[in-house]
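Here is the structure we will look at, set down as structure tokens.
Number of protein chains: 2
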Amino acid sequence: MAKYHDIYEDLKGKIEEKEYGAGTYLPSENELMKLYDSSRDTVRKALNLLASSGYIQKEKRKGSLVLDVGLISFPVSGLTSFKELERSAYRYHSKTIVSSFEYGHPNARIQKKLNVGPESFVYEIKRIRKIDGEKIILDEDYINAKIIPGLDAQIASDSIYEYIENTLGLPIAFARKEITVVKASEEEKKLLDLEGYDLLVCVKSYNFLEDATLFCYTVSKHRPDKFRFVEFSRREK
Amino acid sequence: MAKYHDIYEDLKGKIEEKEYGAGTYLPSENELMKLYDSSRDTVRKALNLLASSGYIQKEKRKGSLVLDVGLISFPVSGLTSFKELERSAYRYHSKTIVSSFEYGHPNARIQKKLNVGPESFVYEIKRIRKIDGEKIILDEDYINAKIIPGLDAQIASDSIYEYIENTLGLPIAFARKEITVVKASEEEKKLLDLEGYDLLVCVKSYNFLEDATLFCYTVSKHRPDKFRFVEFSRREK
DNA sequence: AAGTGGTCTAGACCACCGA
DNA sequence: CGGTGGTCTAGACCACTTT
């Protein structure tokens, strides 16, 4: 099912494999209709997906221009989790260390962040991400245990997202993220290999399920020299 | 024209004005068809825009849930330029100082960034952004003069984007951005009020017109404590 | 059983570009 | 003038939720 999505994946693949090279035009919508034996609307849905993710630029009365799919490395974008990054093209020698795993009632700050009361239960997990032998990233996750039950340190050392999506079958849908720069605390200096840096790039993220439930608040702190965020954005209007 | 866009704007406004409150559902697609006297497809286009910009979450067989439109401040996202930020809700006492304005052939690095030859002409503009009396941001713009002619220091001190879009009538379409953290050079320490910080948040941006012409490469460096980037992202699949 | 959003189709008109 | 993408319409079937 979801024909338009199949067409999107197919075209995306062919652009990445240079079958449709940068600077050339895709077949017209009329031709794509025939190629994929589908209606124009369906083809256009696929093309819109390609445009919004930066693969093509649609030009009126000319066609769909294939863009140069440049470097796509270390995106915080698209809800990518650390575990997914490992699997990506940019493969690091990486390791996750669970430095603390707690379960209990949240303090006032976390109650507010997760929008829960003092009687609720929350997992508080701290993890250190090691890349090429250096402790680079510190992740703090605050997870609503009522929504995400059954976590343990073993799952945390693997991938919490995979557990949520595959084991629990809960669909992660969207996130609000904020990137700032903060001073490193003494504890953070001890936990990470900061090499003299006293600032950290701080990515705070509110993560939601498909039914718009806020299930997790994450604070991810990166050593400045190892942080990189890439974005493709279209201008409104 | 562009009915679906009008509907989008109307609904967006009503969500921002709390006419449709967070946590409630929008009228069903069927009702919206009648409300706006349009077809279902047109209504759905508007709803998709709302969803992709984070205003609603569509839930199958239930409806379009209105999300809590939180803080939207200082987004680098969406191609927002400094001049637009000024006009936004978060109004700063701000001022732009053109610290250097040059016109000539580009060096090898800029030739590569702008994808032009050594015989081409490029504007190289440095601007300091003052917010509340403090010099916080340093912008370097490298602009292809063949595409964007007629720039001068006066325009640079106002808004280059406005000049491109309104005076020249050229449509700015999309950008590729990269955020990293870099060490401040001695020159940058002199130009900005860094208050002891020796790192800067560096936003590099390749900016394109609607016909996918690369017209401008920008490097924008921010004092770490004044930098903030907010993003809404949907999970693929 | 009624209502919802997700998908797909077929056809239409427009504005504009290039031959 | 034919081809392009942009927009809009009307109708259809599906899977599922709610009543």
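Protein chains in written order, with numbering that gives the first Met the number 0: chain S, 0 to 236; chain U, 0 to 236. Ideal Cβ placement from N, Cα and C applies to all residues, glycine included.
Reference residue i, options the options, closest by Cα
{"i": "residue 12 of chain U", "options": "U:49, U:189, U:231", "result": "U:49"}
{"i": "residue 233 of chain S", "options": "U:233, U:175, U:163, U:213", "result": "U:175"}
{"i": "residue 191 of chain S", "options": "S:203, S:221, S:167, S:212", "result": "S:221"}
{"i": "residue 166 of chain S", "options": "S:156, S:177, S:149, S:179", "result": "S:149"}
{"i": "residue 139 of chain S", "options": "S:164, S:212, S:187, S:208", "result": "S:187"}
{"i": "residue 103 of chain U", "options": "U:119, U:160, U:97", "result": "U:119"}
{"i": "residue 30 of chain S", "options": "S:40, S:15, S:21", "result": "S:40"}
{"i": "residue 178 of chain U", "options": "S:137, S:131, S:226", "result": "S:226"}
{"i": "residue 193 of chain U", "options": "U:5, U:47, U:137, U:51", "result": "U:137"}
{"i": "residue 60 of chain U", "options": "U:111, U:24, U:156", "result": "U:24"}
{"i": "residue 53 of chain U", "options": "U:131, U:219, U:15", "result": "U:15"}
{"i": "residue 21 of chain S", "options": "S:3, S:51, S:55", "result": "S:55"}
{"i": "residue 204 of chain U", "options": "U:93, U:219, U:212", "result": "U:219"}
{"i": "residue 95 of chain S", "options": "S:135, S:115, S:63, S:62", "result": "S:135"}
{"i": "residue 202 of chain U", "options": "U:115, U:212, U:181", "result": "U:181"}
{"i": "residue 115 of chain U", "options": "U:10, U:216, U:51", "result": "U:216"}
Integer-rounded CB distance, given that residue j should sit under 8 Å from residue i
{"i": "residue 58 of chain S", "j": "residue 210 of chain U", "result": "6 Å"}
{"i": "residue 200 of chain S", "j": "residue 152 of chain S", "result": "With a Cβ gap of about 26 Å, residue 200 of chain S and residue 152 of chain S do not count as contacting."}
{"i": "residue 126 of chain S", "j": "residue 155 of chain S", "result": "6 Å"}
{"i": "residue 163 of chain S", "j": "residue 141 of chain S", "result": "Not quite, the Cβ-Cβ distance comes to about 14 Å (not below 8 Å), so this is no contact."}
{"i": "residue 130 of chain U", "j": "residue 93 of chain U", "result": "5 Å"}
Backbone CA spacing between residue i and residue j [nearest angstrom]
{"i": "residue 146 of chain S", "j": "residue 99 of chain U", "result": "56 Å"}
{"i": "residue 113 of chain U", "j": "residue 173 of chain U", "result": "15 Å"}
{"i": "residue 117 of chain S", "j": "residue 28 of chain S", "result": "56 Å"}
{"i": "residue 105 of chain S", "j": "residue 158 of chain U", "result": "47 Å"}
{"i": "residue 36 of chain U", "j": "residue 44 of chain U", "result": "14 Å"}
{"i": "residue 228 of chain S", "j": "residue 42 of chain U", "result": "34 Å"}
{"i": "residue 133 of chain S", "j": "residue 223 of chain S", "result": "13 Å"}
{"i": "residue 214 of chain U", "j": "residue 65 of chain S", "result": "18 Å"}
{"i": "residue 144 of chain S", "j": "residue 169 of chain U", "result": "52 Å"}
{"i": "residue 185 of chain S", "j": "residue 197 of chain S", "result": "9 Å"}
{"i": "residue 1 of chain S", "j": "residue 47 of chain S", "result": "15 Å"}
{"i": "residue 6 of chain S", "j": "residue 189 of chain U", "result": "54 Å"}
{"i": "residue 33 of chain S", "j": "residue 207 of chain S", "result": "39 Å"}
{"i": "residue 122 of chain U", "j": "residue 161 of chain U", "result": "17 Å"}
{"i": "residue 89 of chain S", "j": "residue 230 of chain S", "result": "For residue 89 of chain S, the predicted model reports a pLDDT of 49, less than 50, meaning its position is unreliable; a value from the coordinates is still stated below. Using only the alpha carbons, I get a separation of about 17 Å."}
{"i": "residue 107 of chain U", "j": "residue 26 of chain S", "result": "36 Å"}
{"i": "residue 68 of chain U", "j": "residue 3 of chain S", "result": "30 Å"}
{"i": "residue 171 of chain U", "j": "residue 101 of chain S", "result": "49 Å"}
{"i": "residue 195 of chain U", "j": "residue 183 of chain U", "result": "11 Å"}
{"i": "residue 212 of chain S", "j": "residue 63 of chain U", "result": "14 Å"}
{"i": "residue 17 of chain S", "j": "residue 51 of chain S", "result": "19 Å"}
{"i": "residue 19 of chain S", "j": "residue 38 of chain U", "result": "35 Å"}
{"i": "residue 237 of chain U", "j": "residue 111 of chain S", "result": "Past the boundaries of the shown model lies residue 237 of chain U; chain U is included only from 0 to 236, so the question cannot be answered."}
9 Å Cβ cut-off: residues of chain U touching residue i
{"i": "residue 56 of chain S", "result": "172, 173, 207, 209, 210, 211"}
{"i": "residue 177 of chain S", "result": "70, 227, 228, 229, 230"}
{"i": "residue 151 of chain S", "result": "Chain U residues near residue 151 of chain S: none, gap ~24 Å exceeds 9 Å."}
Contact list for residue i against chain S, beta-carbon separation under 7 Å
{"i": "residue 156 of chain U", "result": "Within 7 Å Cβ-Cβ: nothing; residue 156 of chain U doesn't reach chain S, min ~22 Å."}
{"i": "residue 64 of chain U", "result": "211"}
{"i": "residue 223 of chain U", "result": "180, 198"}
Heavy atom of the ligand ATP within 7 Å of residue i beta-carbon
{"i": "residue 97 of chain U", "result": "Among the components modelled here there is no ligand, and therefore nothing to report on the ligand ATP."}
Query - Complete runs of the alpha helix (DSSP H) confined to the segment 156-218 of chain S [at least 4 residues] - result: With a minimum length of 4 residues, the continuous alpha helix (DSSP H) runs that stay inside the segment 156-218 of chain S are 185-190.
Query - Contiguous beta strand (DSSP E) assignments of at least 3 residues, all confined to the segment 87-122 of chain S - result: Counting whole runs of 3 or more residues, the segment 87-122 of chain S contains the beta strand (DSSP E) stretches 93-103.
**Report entry** alpha helix (DSSP H) runs wholly inside the segment 1-36 of chain U, at least 4 long, in chain order
**Finding:** The qualifying runs are 2-15, 28-34.
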